[in-house]
Amino acid sequence: MIVELGHFALILAFAVSLFQMSVPMIGAAYGWRGWMAAARPAATAQFALTALSFAALTYAFVTSDFSVHLVTANSHTLKPMLYKITGVWGNHEGSLLLWVLILTLFGASCAWFGAGLPPRLRARVLAVQSAVAAAFFAFILFTSNPFLRATLVPFDGQDLNPLLQDPGLAFHPPFLYLGYVGLSMAFSFAVAALIEGRVDAAWGRWVRPWTLAAWMFLTVGIGLGSWWAYYELGWGGFWFWDPVENASFMPWLISAALLHSAIVVEKREALKSWTVLLAILAFGFSLIGTFIVRSGVLTSVHAFANDPERGVFILLILAVFMGGALVLYAFRAGALEAKGVFGMVSREAGLVFNNLILAVSCFVVFIGTIWPLIAEMFFDRTLSVGPPFFDATFTPFVVALAVALPFGALLPWKRAKLARVAVALIPAGCLGLATFVLVYAVFSGQSALGPLMLGLAVWLVAGSATDLWQRTGRGPVAGRFVRLSRLPGADWGKAIAHAGVGITIFGVAALVTFETEDIRVAMPGVPYQVGPWEVELLEVGQVEGPNYISTMAHVRLSRDGDLVAILDPERRIYPVAGMPTTEAAIANGFTRDLYVVIGDPQIGGGWALRVWIKPFANWIWGGTIIMALGGLLSLSDRRYRVAAGAAKPRQGVPAE
Amino acid sequence: MTRLVLILLLVWVAPVWAVQPDEVLDDPVLEDRAREISAGLRCPVCRNESIDESNAEIARDLRLLVRERLVAGDSDAAVIAHIVERYGEFVLLNPPARGSTWILFLSIPALALAGATLAVAFLRQRARAAEPAAALSTEEKARLDELMRK
Numbered sequence: 001m002i003v004e005l006g007h008f009a010l011i012l013a014f015a016v017s018l019f020q021m022s023v024p025m026i027g028a029a030y031g032w033r034g035w036m037a038a039a040r041p042a043a044t045a046q047f048a049l050t051a052l053s054f055a056a057l058t059y060a061f062v063t064s065d066f067s068v069h070l071v072t073a074n075s076h077t078l079k080p081m082l083y084k085i086t087g088v089w090g091n092h093e094g095s096l097l098l099w100v101l102i103l104t105l106f107g108a109s110c111a112w113f114g115a116g117l118p119p120r121l122r123a124r125v126l127a128v129q130s131a132v133a134a135a136f137f138a139f140i141l142f143t144s145n146p147f148l149r150a151t152l153v154p155f156d157g158q159d160l161n162p163l164l165q166d167p168g169l170a171f172h173p174p175f176l177y178l179g180y181v182g183l184s185m186a187f188s189f190a191v192a193a194l195i196e197g198r199v200d201a202a203w204g205r206w207v208r209p210w211t212l213a214a215w216m217f218l219t220v221g222i223g224l225g226s227w228w229a230y231y232e233l234g235w236g237g238f239w240f241w242d243p244v245e246n247a248s249f250m251p252w253l254i255s256a257a258l259l260h261s262a263i264v265v266e267k268r269e270a271l272k273s274w275t276v277l278l279a280i281l282a283f284g285f286s287l288i289g290t291f292i293v294r295s296g297v298l299t300s301v302h303a304f305a306n307d308p309e310r311g312v313f314i315l316l317i318l319a320v321f322m323g324g325a326l327v328l329y330a331f332r333a334g335a336l337e338a339k340g341v342f343g344m345v346s347r348e349a350g351l352v353f354n355n356l357i358l359a360v361s362c363f364v365v366f367i368g369t370i371w372p373l374i375a376e377m378f379f380d381r382t383l384s385v386g387p388p389f390f391d392a393t394f395t396p397f398v399v400a401l402a403v404a405l406p407f408g409a410l411l412p413w414k415r416a417k418l419a420r421v422a423v424a425l426i427p428a429g430c431l432g433l434a435t436f437v438l439v440y441a442v443f444s445g446q447s448a449l450g451p452l453m454l455g456l457a458v459w460l461v462a463g464s465a466t467d468l469w470q471r472t473g474r475g476p477v478a479g480r481f482v483r484l485s486r487l488p489g490a491d492w493g494k495a496i497a498h499a500g501v502g503i504t505i506f507g508v509a510a511l512v513t514f515e516t517e518d519i520r521v522a523m524p525g526v527p528y529q530v531g532p533w534e535v536e537l538l539e540v541g542q543v544e545g546p547n548y549i550s551t552m553a554h555v556r557l558s559r560d561g562d563l564v565a566i567l568d569p570e571r572r573i574y575p576v577a578g579m580p581t582t583e584a585a586i587a588n589g590f591t592r593d594l595y596v597v598i599g600d601p602q603i604g605g606g607w608a609l610r611v612w613i614k615p616f617a618n619w620i621w622g623g624t625i626i627m628a629l630g631g632l633l634s635l636s637d638r639r640y641r642v643a644a645g646a647a648k649p650r651q652g653v654p655a656e
Numbered sequence: 001m002t003r004l005v006l007i008l009l010l011v012w013v014a015p016v017w018a019v020q021p022d023e024v025l026d027d028p029v030l031e032d033r034a035r036e037i038s039a040g041l042r043c044p045v046c047r048n049e050s051i052d053e054s055n056a057e058i059a060r061d062l063r064l065l066v067r068e069r070l071v072a073g074d075s076d077a078a079v080i081a082h083i084v085e086r087y088g089e090f091v092l093l094n095p096p097a098r099g100s101t102w103i104l105f106l107s108i109p110a111l112a113l114a115g116a117t118l119a120v121a122f123l124r125q126r127a128r129a130a131e132p133a134a135a136l137s138t139e140e141k142a143r144l145d146e147l148m149r150k
C-alpha cells in the first residue's frame, strides 16, 4: 500500500512538473502575474511529492518488502540497517529517484529563498528547472520504475553489492548528486537569462552561491569516492581516471571555472556570455556524467546498469537540453555585451587565464574519456585510454594553474602592476623553491616532477597566506593581525580554498613519489623490516560478520621496539552476493599511513602480506575538505545575503 | 561453523590478488621495470584496470610473461611489443601515437593554443575599449536628482 502511494506520488510529481514548466513560462512571456506566481507553490508541491515517493521507497527497503522487485535485487534481511537505507540509492532506479529528489529540492529552495529575485526571472528559472525534472520523472516512470512489484515474492533478497556496503560509499552518491544537480540551478539561471536577454551583476550574484554550493558538494563527493577507493579496493590507489570518476571530475572543473567567471560578471560586468556558456556546459557535463554512469556505454567498474534503452533516453535528454540551450545561446549571446574595461594585467585577466586552464583541462579529461568510443565508432580501432595518458596530459595544466594561482589571487581589479604583486610573493616563492631544491637534493635519483609538485604545493599554501596578509593593508603588525580576524568570509574562503588545492597537490605528489611497497610471504611470529617499521604477522583467524565471513589477520607494527599499531586486515566473503572483498587495515597518521593487506595462504605455510608506507596520504582528502570548507566560508559571507536580498528587481528585455 | 567456512573457502576459488610474492623477481632493478611496464598494460578482461592492479587470472599470466621476457633480456619496448602482438593495442593504457590517435594527442595543444589566442584577443579588446559613459535613463536621472536634493 505504502509502495503504491509512493508510486502514485511520483506520477503526481511528474504532472506537477509538466504544469510548472509551462504555465510560469507563458506567464513570464505575457507578464501575467498570477501565472508567474504559480511557479512557487508548484515547486514546493513537486518537492513534497517526490520526498513522499522517496520515503515510500525507503520504507520498502527498511522493512525488507521483497514484493518490490528492486528491494529483492538489492537488499537482504541480514543486511545492517545503515546499508538497508543507503541501499535505496545503491542501484540504478533508486539513485535516479534520489537525483530528482535533489533536483526538486533545489527548485523548491529557489522558490523559498528567491524572494529577492525579479518575479519574471524567478518564474523562468523555476520553469526551466521543472523542465529538467519532468524529463527525469518521465525517464524514471517509463524506463526505470523503482516501485515495480514482483509476481512471485521471494523468501529473501539478493543483497547489495558488498563493495557498496561501506560508510564512505554510502554517502558518496548523495554528495555527488547534490553537486551534479546543484549545477542545474546555474543552468536554469543561464537559460532564463538568455530568454530574458539580460545578464547583470545581480544575476552573477545570484548564480554564484548556487554554483559554489554545487561545487562544494562535488568536492566532498569526489573526495569521499576517492577515499573509499583508497581503503576499500585494496591497493591504496586514490584516483584511477576511470570514466565514472572522470564523469564527476569534468563538472567539478567546469563549475570551478564558472564560480570564478561569475565573480567577474558580478564585480565587473564582463565575461557575461562566457559565463552563461559555462553554466550551460557545467550542467551538460553533469548530464554526460549521468549518461556515462547509467548507460554503461564506457565499460567501467561502476556501470551497474547495462541497458541501452536507458542510455538512449538519457542521451535524448542530454540532446534536448544541451541542444536547446546552445541554440538559444547562439541566438541570444550577442545581446549580452560586456561593460567592464581592464588591462592585460589585472584580476580579470587572471581569472580569464584560470578559466582557460580549467576549461582546457576539462577538455583533456573529456576527450580522453570518450576517445575509445570515437576510435571504435569512426576509426574501427579498439584501444584504451588510461592513467598514463591522463597523467601525462593533465599534469602540465596542474603545473600551469599552480604557478599562476597566487599571482592571479593577488592582482587587483582593472589595472595592476605585475612587479608589485611579484614583490609581495617573494617569500612564498622562496619557500616553494627551497622545498623543491631540498627535496630534489635529498632524494636524488628521483624524477624532478615529484619535488616540483611539492614545491608548487608549498608555493600555493604560502601564496594563499600572502593573499590574506596583503588584504590587511599596511601599518603596524599588531593592527594587521586585528584586521585579519575581521576580514570578510569571502576573503578567508578564497584563501583557504586555494590553500586546500595546495594541500591536495602536496598529498598526491608525496604519495605518488615516495610510496614504499613490500610484498612477501609472512610467517606468523617472524618479524621483518619495512623501512623503519617492524612488521609481524601475529595470527590469522576466521570471524563471522552479520552477512559475511571474514579471514582476519592480526599484524603488529612497531618502530624501534615501540608498538605503533595492531592492524586487522580482512578478506571477506559475502555468501548471498557471492562476492569476496578486501578490507585493508590502515594506521592513519599525519605524515604517513601504514597500509596492510592480507592475501592468500601459501603452500609452504605463511600468508601473502602486502605492506605500504604511504606518506602524507591523508593530505589528499584533508585538502579536499579544506577546499570545501573554503567554499562554505565564502558562502557564509553576509554580503551575499544582504546584497542579494536588497537587489532591486529590474525589468529585462522580453524575448521576442 | 568452521566446517562451513572451510567449505565456502573451497567453493569460492580464492581470487588471485594483484602482484603475488612468488611473482616478485629477485633482481630489484628488473622488478622495478616489470612494475612500470605492468602499470601501463591493461588487463584484457577487466574494466579499466592495469595488470599490475588486477586480480584476474589472465593479469597474473601477463605479469609472469612480462617478467619472463625481462629475465630473458628483452628491452622494455620489446616486452610491450611482444604483448601488443598477442593482445592488440587495446592493452596499451597509453594509446600509441599513430594514425587517428594523433587527433587525440594534437587536439589538446590545439585547443589550448586556440583558447589562449582568443583569450588574449579578448583581453586586448577589453584593454582598448573605452569605459562606456554611464548612460542613465530619464527615469534613473529623475531618481538621482531626487536623491541629490535630499
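Here the protein sequences line up with chains A and B, keeping their order.
Using the working numbering, count along the first sequence one by one with no gaps and you end on 656.
Using the working numbering, count along the second sequence one by one with no gaps and you end on 150.
Beta carbons: idealized from backbone N, C-alpha and C, even for Gly.
So which residues on chain A does residue i lean against when the C-beta distance must stay under 8 Å?
| i | result |
| --- | --- |
| Ala116(B) | Leu356 |
| Ser38(B) | Per Cβ cutoff of 8 Å: no residues; Ser38(B) is ~12 Å from chain A at best. |
In or out: residue i buried (at least 16 other Cβ within 10 Å) or exposed?
| i | result |
| --- | --- |
| Asn588(A) | exposed |
| Glu140(B) | exposed |
| Pro251(A) | buried |
| Lys79(A) | buried |
| Cys430(A) | exposed |
| Thr138(B) | exposed |
| Ala419(A) | exposed |
| Arg143(B) | exposed |
| Ser75(B) | exposed |
| Leu8(B) | In this prediction, Leu8(B) has a pLDDT of 44, which is less than 50 and means its spatial position is unreliable; what the coordinates show is noted afterwards. By the 10 Å Cβ count, Leu8(B) comes out exposed. |
| His302(A) | With a pLDDT of only 46 at His302(A), under the threshold of 50, the placement of this residue in the model should not be trusted; the figure read from the coordinates follows. So His302(A) counts as buried. |
| Met81(A) | exposed |
| Ala110(B) | exposed |
| Tyr231(A) | buried |
| Met1(A) | exposed |
If you measure between the beta carbons of residue i and residue j, is that distance less than 7 Å?
| i | j | result |
| --- | --- | --- |
| Phe389(A) | Asn48(B) | no |
| Ser464(A) | Arg415(A) | no |
| Leu356(A) | Ala119(B) | yes |
| Cys194(B) | Ile51(B) | Look at the range of chain B in this structure, 1 to 150, and you will see that residue 194(B) is not part of it. |
| Ala457(A) | Gly502(A) | yes |
| Gly439(A) | Pro427(A) | Looking at the sequence shown, residue 439(A) is not Gly but Val. Cβ distance not < 7 Å, so Val439(A) and Pro427(A) don't count as in contact. |
| Thr58(A) | Val88(A) | yes |
Who are residue i's beta bridge partners in DSSP?
| i | result |
| --- | --- |
| Lys614(A) | Asp593(A) |
| Leu609(A) | Arg520(A) and Ile598(A) |
| Gly541(A) | Met552(A) |
| Val530(A) | Trp533(A) |
| Ala585(A) | Val596(A) |
| Glu269(A) | Glu269(A) is not bridged to any residue. |
| Ala565(A) | Leu557(A) |
List, in order along the chain, the chain B residues whose C-beta lies closer than 9 Å to that of residue i?
| i | result |
| --- | --- |
| Met344(A) | Val120, Leu123, Arg124, Arg126 and Ala127 |
| Ser384(A) | Arg42, Asn48, Glu89, Phe90, Val91, Leu92, Leu93, Asn94 and Pro95 |
What in chain A is Cβ-close to residue i, meaning under 7 Å?
| i | result |
| --- | --- |
| Ser100(B) | Ala375, Phe379 and Arg381 |
| Leu147(B) | None at all; the shortest Cβ gap to chain A is about 13 Å. |
| Ser107(B) | Ile367 |
| Leu104(B) | Ile367 and Trp371 |
Who are the neighbours of residue i on chain B, taking C-beta pairs under 8 Å?
| i | result |
| --- | --- |
| Ala359(A) | Gly115 |
| Val352(A) | Ala119, Phe122 and Leu123 |
Going along chain B, which residues have a C-beta under 7 Å from residue i?
| i | result |
| --- | --- |
| Arg520(A) | Pro21 |
* To do: State whether the segment 206-222 of chain A contacts the segment 246-262 of chain A, with contact taken as three or more CB pairs (one from each stretch) at a distance under 8 Å.
  => Contact between the segment 206-222 of chain A and the segment 246-262 of chain A is present, because at least three Cβ pairs lie under 8 Å.
* So does the segment 522-539 of chain A actually touch the segment 490-501 of chain A, counting three or more Cβ pairs closer than 8 Å? -> no
* Decide yes or no for the touch test of the segment 191-206 of chain A against the segment 104-124 of chain A: beta carbon pairs closer than 8 Å, at least 3 of them. => yes
* To do: Take every Cβ of the segment 594-608 of chain A, pair it with every Cβ of the segment 86-99 of chain A, and state whether three or more of those distances are shorter than 8 Å.
  => no
* Asked: Is the number of C-beta pairs between the segment 617-636 of chain A and the segment 466-478 of chain A that are closer than 8 Å three or more?
  -> Proximity of the segment 617-636 of chain A to the segment 466-478 of chain A falls short of the contact definition, fewer than three beta-carbon pairs being nearer than 8 Å.
* Are there three or more Cβ pairs, one per stretch, closer than 8 Å when the segment 328-344 of chain A is compared with the segment 364-384 of chain A? -> no
* **Segment contact flag, the segment 532-551 of chain A with the segment 481-488 of chain A, C-beta cutoff 8 Å, min 3 pairs** => The way I'd put it, the segment 532-551 of chain A doesn't touch the segment 481-488 of chain A; fewer than three beta-carbon pairs between them come closer than 8 Å.
* Would you check if the segment 236-245 of chain A and the segment 273-282 of chain A touch, i.e. whether three or more CB-CB distances between them fall below 8 Å? => As far as the Cβ criterion goes, the segment 273-282 of chain A does not touch the segment 236-245 of chain A, which means the pair count is below three.
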